[in-house]
Amino acid sequence: MVAVAGGDTCMPTGSILAVAFSPDGTRIAIGDSDATAHLWNVRFPTDPFRAVCDLTNGPMSEDDWAQYLPDEPYRTVCHWPYCS
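Heads up: the sequence shown is residues 1237 to 1320, going by this note's numbering.
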């Protein structure tokens, strides 16, 4: 079985038996004792704000911003729908 971490992060349930990075360093694979391979994209996004907008389907609320970026003043970084 292969679990691909995306919107729903799937954590290993068994003991971790193996860890490997892809040759280009953008993915990590973990094999656990319940015979599942877990794959994660570990590439840092070229546009972190766009990545947040895509994950949240729009701009962060001021409450979310305060929770995750408490030392940064709030600003609008997504204009939904996001147009490139």
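Just so it is clear, CB atoms sit at the ideal spot from N, CA and C, and this is done for glycine as well.
Keep in mind it's a predicted model, so treat the numbers as computed, not measured.
Alpha-carbon to alpha-carbon, residue 1266 and residue 1307: For the purposes of this step, residue 1307 is identified with residue 71 of the sequence shown, where counting begins at 1. For the purposes of this step, residue 1266 is identified with residue 30 of the sequence shown, where counting begins at 1. Each residue's alpha carbon lies about 34 Å from the other.
Using three-state DSSP, classify residue 1243 as helix, strand or coil. The sequence position of residue 1243 within the sequence shown is 7, counting from 1. Low local confidence applies: a pLDDT of 41 at residue 1243 is under 50, so the model's placement there is unreliable, and no value is given.
Backbone secondary structure at residue 1287 - three-state DSSP: The residue you call residue 1287 lines up with position 51 of the sequence shown. Helix.
How close, in whole Å, do the beta carbons of residue 1279 and residue 1262 come, if the pair is a contact with beta carbons under 8 Å? Along the sequence shown, one-based indexing puts residue 1279 at 43. Along the sequence shown, one-based indexing puts residue 1262 at 26. Contact flag correct, Cβ pair sits at about 4 Å.
Return helix, strand or coil for residue 1268, following the three-state DSSP convention. Numbered from its first residue, the sequence shown carries residue 1268 at position 32. Annotated three-state conformation of residue 1268 is strand, per DSSP.
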